[in-house]
Every structure is written in C-alpha cells, then in structure tokens.
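Engineer: Each step along the sequence shown adds one to the number in my numbering, with nothing skipped, and position 686 is 728. Cβ atoms here follow ideal geometry from the backbone N, Cα and C, with glycine treated the same way. Quick caveat, the model's predicted, so the values are computed rather than measured. Take this structure first; my questions come after.
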Amino acid sequence: MLSAGAVEHLLKDSAKRCVSTWAGEMACAKVPLDELHVTEPFGPQGKERTLPALHPDRKEERCFLSYKPPPEDGTAALLEEFLENAQFISEDLEWLLALPHDKFWCQVVFDESLQRCLDSYLRHAPRGLDPSGLSSSPAVADMQRNIHRSVFMVFLRMATHKESKENFITPAVFAEIIYNNYLFDIPKILDVCVLFGKGNSQLLHKMIENIFTQQPSYYADLNETIPSISQVFDTILQMCGIQSEDTGTGQPLKLNANKCQTAMTMPEEELADLLLYICDTCTTIHSFLDIFPEACSTFKEHNFLNRLSSFYEMAVPDLEKAVKKRNFNKSLQEDMWRRISHSRKKMVEIAHLLLQHTCLQPILEGTESMASCVDDLLQNFTAFLQEKRFLADYDEQFSIADDISLLQQAFPHLDDTRTSYLLQGVESAWECVGKKRSFPSSANHSAGAKSKTGRDLAASQKEGAGVLGDRDELIGAEAMTDVPCKGDNGAVCTVSAGELESLLCHIRDLLPDLGEGFILACLEEYGYNSELVINNVLEDKLSPSLDKLDRAMARPAKKELPSVLSTRSNAFDDDEFDVFNRDQLDMSRIWKGRRQRESVRATLDDKQHIEEQRERYQAYQTVVDEIPIENDPSRDRDNAFGTYDYDDEYDDTYDVNQIGANDLDEEDELLNRRPFTTPQVLRKGKQAQEDDADEDEEEEDKNEAVKKDHFVQDPAVLRERAEARRAAMQSRKGYRPPPASHVVGGPRGRGQMQDTVLDRRRKEANKSRGANHNRRTMADRKRNKGMIPS
C-alpha cells in the first residue's frame, strides 16, 4: 500500500533520473513532449540528426517477458522457474521506471513486448480468493510484491500527462496517445481496479478520473461494455439450465430444453469454473464502482440494478443448493462455498453502490433533482419486492428502514402509505425466505444507527448450523445464544433438508432416547437451534407445549404432494406432441421455419399410387391352387391327395363364370327383346314388298341424317343467318337505322348533290367526337378481352 505522497515522490524522482547526454538538451526545454524535438548522434560516423521526442527510432531494444503466476503445488523446480522469470520482469520494469520522461513514453508507445507483459500480469495475477503459492515460499511472496508494485507504478505513470513543469504532454495529444495505442481500455481499467484497489483507492480514483476526463471516449466504451456484462449473467443462467425472463420473451421453449444440464447435474470442474467466473465478475464490477463512482450513472442507464437483482434471485439459490447437497472434496466444497458467499456479498454491495451514488447522495447534497431521486429510490425498492431473497439479503446488510427514515428527514412530504407498503414488503420478504431478523429495524431509526443488541446478534450469527463450519452466509440458520429459551419463529423451517438431517443426527447422538418427531417439534419451537434444544432438554426447561408430547414420538410421515402433471388439464393432452406423457416424438413431423415442399418433378416421378392400385387389382386375378404332395415313400400317395380333396355332391366347377344366370327365360321377356318375324321363305309376295319399302325408307332416313350432320358449315351462310336474326330483333324493338351518308359524293368537276354537301358539313362539325375512331376505347376493349398480354 502506497500513500499519495510516496507515489508523487517516486514519480518526481524517476523523472529526475536523466542520462547525462540528455540532461543538457532537456534542461531548458519547457515545451510539451509532443512538440519537442531532440538532436542525437546517428550512425557510425556520429552525425547528428533531429527527431521528434516521440519517435520509434528512440525506443530501446528490450524484450519484456510475459508474466506467469506462482505455482500452486510448490515444487522446487517450478518455484525456481517462477523466480527466474519474475526476476527478469522486475528488473525490466525498474529499468523502465528509471527512464526519463521522453524515453519512457517512447518505450510505452512503441514497445509491443511491454504491453504484452502488462496484459499478462493483469490476466494472470492472483486475486483475493485465488489459491496461490505465495505462502509456500517467502522468496516467492517478496518477488510477487515487487512485481505488483512495479506494475502499479507503470500504470500510474502511464495515466499521468504532467509529471512536472518541464515534463508534460498536451492533454489533447495525451488523450489520443492512450486511446489510439490502447494503453488503456475498459477491461484493463477493470482489472487494475480489482488488483490494485485495496489500499490505493484514492490514487486509482485520481488516475481513472484523469483518464476519463482527458478522453471522454472511454465513457462511450463503457456504455458499450455494460450490455456485455449483462450478457454474462444470461450465459450463466443458461449454463445452469435456468430460463431468464428476458431471453424467454417471445421465444418458444425448445423440445429438448428440459434435457440441458443444471447446477445439480453439471460436472464438478465445470461448476467450480462457473463459481469462479461469477466471483471474479462480481468482484471486478464492485471494485470499479467503488473506486470510480462516476460510472454508476452509466450502469443505471442500462437498468443494470434490476438485471442484477433478477440474476441473484434465480441463480444464487440453485448454486447454493448444488454446493450443499452434492458430494465434493471437502477442500473444494469449502472453496466453492467461500466463492459463492463472496459473490452474494459483492452483488448486494454493487446494488447499494448504485443506489448510494445515483439516489441517496444527491438527496443528501440537496441538489435540484432531489425529488426525482427520491422517487427513483422508492421505485427501485418497489422493484426489489418481487425478489424476496435479494431483498432480505440487502436489508440485512443495508437497512432499508434506515434509508426510508433518511428520506423522511430530507423530504418531509414523502408519502407515508408508500413507505409503509415498502416496509411491509420487507417484512414479508423475511417471512418468505424463512429467516429471523438479526436486529429490529424501524423507520424511526436514524440513518446508519444500529443498536448494540443488533451488533451482538449480527456477530453471533457466525455460529450457525450449516454444511460447512466457516461459511459466510448472509442469511442462515443462526444459533442465537442470548435470546430467551422460547423461539418465536417455530412455524417456519429455516434450514434445508440436509441441514435438518444433520441437526437430527447431532441431537440423537447425544440424546438417543428421544424420537425424531419430538426432536423436530423442539427444533421448530426453538428456531432450529440445536444447542438450545439440548440445553433445555437436559435442564428440563421445555415449554409446556413440548412437555405434553411423547418424547419417543416418531417422525411423521411426509405427505407427498401430487405431481403438477397429474392435475394438469390441457386441450392437447395425450396428442402426438405431448412431451409430458411421451418419451419419444416423431421428429420428422417437426421442422423449423417454412417446410420445404417437394418439387414438381419429384411429384410426377412418384408412382406410389400406381403400386397401391396394382396391389388392389392383384386380388382379383385368377388364383391357381397347387396341392403340395410330399415325396415321402413311406406314406400312401392317394391318401396324401385325399387330405386336400374336398368331397361334395354338388359340382361347383362353373359357378365362377355365372353361365346362364342372366338369360331371359320367360316368353314375354324374349318377345320384348326381339319381335317375332316371319321367315322370308314363308312370307307372301305383298308383305315382302312392304317390308322392302320399309327398309328403303329407313335407309333414306339414315342417309338424310348423315347429310345434315355437317362437320363445318359455310361461313357465308352463317353470316347471312346472323344478319337475318339481327334484323328481326331490331324490327321487334322498333330500331331505326341511321340515314345513309352521302359524304363520298360524285366525281370532281360535276358538282355535288345537296345531301352530299350537308353530310360533309355535318362530318366537319362533329369530327372531334370520333375523329380518332375510338382508338382508346377499342384498345381497352381489346386488352380486356385478353388478346394482348398486359
């Protein structure tokens, strides 16, 4: 940890360390580094040349090694390798810090290996909860501290545009240098905060404030980074098999969504990595907001607070359940529980930082927007009401009643109904979670004031019944040893099933004569405090309700609740797509998007219907029955045939052909079908002639009928018939044809008749009506009839 005076002294001292060849040139120069030019020897002959102070040729050729973290197992060979690599890095960074102002910036801007070295340290340096090999060797710990200090000093000097009156850079040019050369970006700033924030918060605040002030483009980068952080929460929920409210809106649930892994089923290494990911993300965001509170307004614009509380409510209970109930190695389980507890604490503190700097602080300062800040704070608390677990944990660390009391003092016109509703919601959240408050909270309390009893109770919560002995739970089953012998929260089960079994076994080991039912009743009565139950049983100080019970009472049978699917009623029950009652589905019936239909060629080539018809007609083919005769010489051949011979007096050989079934057997039917005719030999002469005449007439009628059946009639005849029909129709309607026109007239030079002159004059006067021969009308008519494609 470095104080502000020590850091300023180091910066000034490093700036004064100049090589003698540069001292004379830089002593009188009080111009910014971006405008400074230096003269230095060049080439083997020692000729001088003038270059800008920031030039790639002025960079020293030096290779900075990448940082590797200390080994965890503490093997001698690995420790030696780490110390050797770290020694080179430490010497290079000390050499860099000793460079003068212009040389330092040339090395920082143009040396890529230096940036790789700094990035590797930000990526691999051990965080607060990371297991490291620092404690295994004092030499490793000292080397790590030296590198940590040197890297911090390098970043601090990189973020300073003015070291002294002689060594400085123009602010606008400084902003372009750090932004265009990626000396700083949002991920680097976040890592710097989480690595160096402890004990150096004031220096880091000045450093980051200077970066954001000189280059406002970093605010835009931060604005684009926050949605990525929110996407991290969505990714974690998907890995845990939890459907978030935002991702599920407007999207149907996939059929195989219930087959994805959850926190209880995912592999052990994957769960450990997931908890490490959550812990690192929450710690980094908290460090950044704690050091640079000006960024809270940007997080507020993206509704980050509601997104964080929703993630807390959905993910934390499942992860806690997985860590408690799954069988892990003890050391791994303790590490996982420590990480999830740390993550819970940091998420609650992030929410408090956002509310503190965007709502509470403007209210305390009495700004013009105090009324809007009060309303915004109450709206955020109201939004927390549906997140019961998050609200209870937040209220335990930062009393909401104290904040409301502060609002009532700063804003006397606050709506009492609204504040009462919020306080009742907080009480309801504690009841729903099933925990007992560690200290009473009232709206009349002053801001930040807590009673001694509350602090004692909060301290006593560390002794609780849990899976692990040193778990840092925000809410747990606390053992309150300074409360009366009778608890007041007996109706609510405040422990999980695993913890309850652990309490039962612990009490049965000491008091084996007690039944499990009696022990459960005692635990409910005394707030699931096993020590209090054992103490009251041994001292015979049980409450009257427990004294009436049988101490050997067995555990009541647990009533199994009916499955939701058994009472489920839906219009699509038991159909082919009911995934709740079927394990297998015909996936060929399911497709995404528009279904690809068969092409016309494939439809025409499909002859399946012909095959179906062929099978149908094959049933009507002639069937020839063959009688198999076994070739067994020991058996009689005639007797073998007789087994398949059907002996019947009726001969049904020709029954299949139905011969004679449709004959006309009656006399009247035969006469009606063909009239009787006298044979020609027996006919008389006159009758024979009459018959011949009748036959001739029939032949003539047939010939005339053939002649009248014209294949194609004459078009001229058809036109005459049509004209006759038209004239007859017009005569019936009283149609008068227009008078004949005499426009043509006679030959020239012979004069014209009076009718011709009048007709020509009438045509001239009325030619505008139809001079174009109705071309447009006829064209439309022709097109409407389909003669021309439009």
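Measure the beta-carbon distance from residue 331 to residue 338 and round it to whole angstroms, keeping in mind my assumption that it falls under 8 Å.
Structural biologist: Here residue 331 corresponds to residue number 289 of the sequence shown, with the count starting at 1. Here residue 338 corresponds to residue number 296 of the sequence shown, with the count starting at 1. Indeed they touch by this definition, with Cβ atoms about 6 Å apart.
Engineer: Report yes if the C-beta distance between residue 329 and residue 239 is below 7 Å; otherwise report no.
Structural biologist: Position 287 of the sequence shown, counted from the start, is the residue given in the question as residue 329. Position 197 of the sequence shown, counted from the start, is the residue given in the question as residue 239. Yes, they are a contact pair.
Engineer: Among residues of its own chain, excluding the 5 on either side of residue 467, which ones have a beta-carbon nearer than 6 Å to its beta-carbon?
Structural biologist: As a position in the sequence shown, residue 467 is number 425, starting the count at 1. Only 427 meet the Cβ criterion.
Engineer: Could you check if residue 308 is buried or exposed, using at least 16 other CB atoms within 10 Å of its CB as the buried criterion?
Structural biologist: Along the sequence shown, read from residue 1 onward, the residue named residue 308 stands at position 266. With 16 or more other Cβ atoms within 10 Å, it is buried.
Engineer: Determine whether the beta carbon atoms of residue 342 and residue 409 lie at a separation below 7 Å.
Structural biologist: Taking the first residue of the sequence shown as position 1, residue 342 is located at position 300. Taking the first residue of the sequence shown as position 1, residue 409 is located at position 367. Taking 7 Å as the Cβ cut-off, residue 342 and residue 409 do not qualify as a contacting pair.
Engineer: With 16 as the cutoff for other CB atoms within 10 Å, does residue 430 come out buried or exposed?
Structural biologist: Position 388 of the sequence shown, counted from the first residue, corresponds to residue 430. Label assigned to residue 430: buried.
Engineer: Quick one: residues in its chain with C-beta nearer than 6 Å to the C-beta of residue 364, no 5 flanking neighbours on either side, listed in chain order?
Structural biologist: Stepping through the sequence shown from its first residue, residue 364 is reached at position 322. So the list reads 305, 306, once near-sequence residues are dropped.
Engineer: In whole angstroms, what separates the C-alpha of residue 565 from that of residue 603?
Structural biologist: If you number the sequence shown from 1, residue 565 lands on position 523. If you number the sequence shown from 1, residue 603 lands on position 561. Computed Cα separation, rounded: 24 Å.
Engineer: Using 8 Å as the threshold, is the segment 625 to 641 in touch with the segment 582 to 595, meaning 3 or more CB pairs across them?
Structural biologist: No, the segment 625 to 641 does not touch the segment 582 to 595.
Engineer: Please state if the CB of residue 257 and the CB of residue 217 are separated by a distance shorter than 7 Å.
Structural biologist: Residue mapping note: residue 217 aligns to position 175 of the sequence shown, counting from 1. Residue mapping note: residue 257 aligns to position 215 of the sequence shown, counting from 1. Against a cut-off of 7 Å, the Cβ pair of residue 257 and residue 217 comes out as a contact.
Engineer: Assign residue 759 to buried or exposed, taking buried as 16 or more other Cβ atoms, counted over all protein chains shown, within 10 Å of its Cβ.
Structural biologist: As a working note, residue 759 is residue 717 in the sequence shown. The residue in question, residue 759, is exposed, as its Cβ has fewer than 16 Cβ neighbours within 10 Å.
Engineer: Taking contact to mean at least 3 C-beta pairs separated by less than 8 Å, is the segment 212 to 227 in contact with the segment 70 to 82?
Structural biologist: Contact holds: three or more Cβ-Cβ distances are below 8 Å.
Engineer: Is the beta carbon of residue 392 less than 7 Å from the beta carbon of residue 327?
Structural biologist: Counting from 1 along the sequence shown, the entry for residue 392 is found at position 350. Counting from 1 along the sequence shown, the entry for residue 327 is found at position 285. Going by C-beta atoms, residue 392 is nearer than 7 Å to residue 327.
Engineer: Which value, in whole angstroms, describes the spacing of the CA atoms of residue 433 and residue 128?
Structural biologist: Reading the sequence shown from its first residue, position 391 is the one you call residue 433. Reading the sequence shown from its first residue, position 86 is the one you call residue 128. Near 46 Å, if we compare the C-alpha coordinates of residue 128 and residue 433.
Engineer: Thinking C-alpha only, which one of 537, 582, 596, 586 is nearest residue 18?
Structural biologist: In the structure as shown, the chain begins at 43 and stops at 832. Residue 18 is therefore absent and cannot be evaluated.
Engineer: With contact counted as at least three CB pairs below 8 Å, one residue from each stretch, are the segment 101 to 114 and the segment 158 to 169 in contact?
Structural biologist: The segment 101 to 114 vs the segment 158 to 169: in contact.
Engineer: Do three or more CB pairs link the segment 540 to 555 to the segment 573 to 587 at distances below 8 Å?
Structural biologist: Enough Cβ pairs lie closer than 8 Å, so yes.
Engineer: Which residue marks the beginning of the alpha helix (DSSP H) containing residue 275, and which one marks its end?
Structural biologist: For this step, residue 275 is matched to residue 233 along the sequence shown. Looking at the DSSP string, the run of the alpha helix (DSSP H) that includes residue 275 is 259 to 281.
Engineer: For residue 438, which option in 147, 81, 645, 394 has the closest C-alpha, if you only look at C-alpha atoms?
Structural biologist: Position 396 of the sequence shown, counting from 1, holds the residue named residue 438. Here the closest residue by C-alpha is 394.
Engineer: Taking 8 Å as the threshold, find out whether the segment 77 to 87 comes into contact with the segment 113 to 125 through three or more Cβ pairs.
Structural biologist: Touching, no.
Engineer: Alpha carbon to alpha carbon, how far is residue 620 from residue 637?
Structural biologist: Indexing the sequence shown from 1 puts residue 620 at position 578. Indexing the sequence shown from 1 puts residue 637 at position 595. Cα to Cα, residue 620 sits roughly 21 Å from residue 637.
Engineer: What residues match up with residue 619 in a beta bridge as DSSP calls it?
Structural biologist: Translated into the one-based positions of the sequence shown, residue 619 becomes position 577. BP columns for residue 619 are empty, so no partner.
Engineer: Taking 7 Å as the threshold (C-beta atoms), are residue 349 and residue 272 in contact?
Structural biologist: Residue 272 sits at position 230 when you count from the first residue of the sequence shown. Residue 349 sits at position 307 when you count from the first residue of the sequence shown. Against a cut-off of 7 Å, the Cβ pair of residue 349 and residue 272 comes out as a contact.
Engineer: Could you spell out where the alpha helix (DSSP H) holding residue 84 opens and where it closes?
Structural biologist: Along the sequence shown, one-based indexing puts residue 84 at 42. No alpha helix (DSSP H) contains residue 84, which is instead part of the beta strand (DSSP E) from 79 to 84.
Engineer: Mind checking whether residue 125 and residue 195 have CB atoms under 7 Å apart?
Structural biologist: In the sequence shown, residue 125 corresponds to position 83, counting from 1. In the sequence shown, residue 195 corresponds to position 153, counting from 1. Not a contact, by the Cβ cut-off of 7 Å.
Engineer: Measure from the alpha carbon of residue 211 to the alpha carbon of each residue in 147, 155, 182, then state which is nearest.
Structural biologist: Position 169 of the sequence shown, counted from the first residue, corresponds to residue 211. Residue 211 has its Cα closest to that of 147, out of 147, 155, 182.
Engineer: Around the C-beta of residue 356, are 16 or more other C-beta atoms found within 10 angstroms, so that it is buried, or is it exposed?
Structural biologist: Translated into the one-based positions of the sequence shown, residue 356 becomes position 314. Counting Cβ neighbours within 10 Å, residue 356 comes out buried, since at least 16 surround it.
Engineer: CB-CB under 8 Å to residue 254, same chain, minus the five flanking residues each way: which ones, in chain order?
Structural biologist: Stepping through the sequence shown from its first residue, residue 254 is reached at position 212. Once the five neighbours on either side are set aside, the close Cβ partners of residue 254 are 260, 261, 334, 336.
Engineer: Considering Cα atoms alone, identify which of 136, 160, 135, 93 is closest to residue 144.
Structural biologist: Within the sequence shown, residue 144 is the residue found at index 102, counting from 1. Among 136, 160, 135, 93, the Cα nearest to that of residue 144 is on 93.
Engineer: Hey, how far is the Cα of residue 817 from the Cα of residue 756?
Structural biologist: Here residue 817 corresponds to residue number 775 of the sequence shown, with the count starting at 1. Here residue 756 corresponds to residue number 714 of the sequence shown, with the count starting at 1. For residue 817 and residue 756, the distance between alpha carbons rounds to 32 Å.
Engineer: For residue 823, count the other beta carbons within 10 Å of its own beta carbon; 16 or more makes it buried, fewer makes it exposed. Which is it?
Structural biologist: Position 781 of the sequence shown holds residue 823. Classification of residue 823: exposed, given that the 10 Å Cβ count is below 16.
Engineer: Would you check if the distance between the CB atom of residue 344 and the CB atom of residue 268 is smaller than 7 Å?
Structural biologist: Here the question's residue 344 lines up with position 302 in the sequence shown. Here the question's residue 268 lines up with position 226 in the sequence shown. Yes, these two residues count as a Cβ contact at 7 Å.
Engineer: Would you list the one or two residues that DSSP bridges to residue 93?
Structural biologist: Counting from one through the sequence shown, the residue named residue 93 turns up at place 51. Bridge partners of residue 93: 80.
Engineer: Pull up the distance between the alpha-carbon of residue 827 and that of residue 820, whole angstroms please.
Structural biologist: Working through the sequence shown from its first residue, we reach residue 827 at position 785. Working through the sequence shown from its first residue, we reach residue 820 at position 778. Residue 827 and residue 820: Cα-Cα distance of roughly 11 Å.
Engineer: What does the Cβ neighbour count give for residue 406, buried or exposed, with the cut at 16 atoms within 10 Å?
Structural biologist: Counting from 1 along the sequence shown, the entry for residue 406 is found at position 364. Exposed, by the Cβ-count rule.
Engineer: Using beta carbons (cut-off 7 Å, strictly below), is residue 255 in contact with chain B?
Structural biologist: Here chain B cannot be found, since the structure has a single protein chain.
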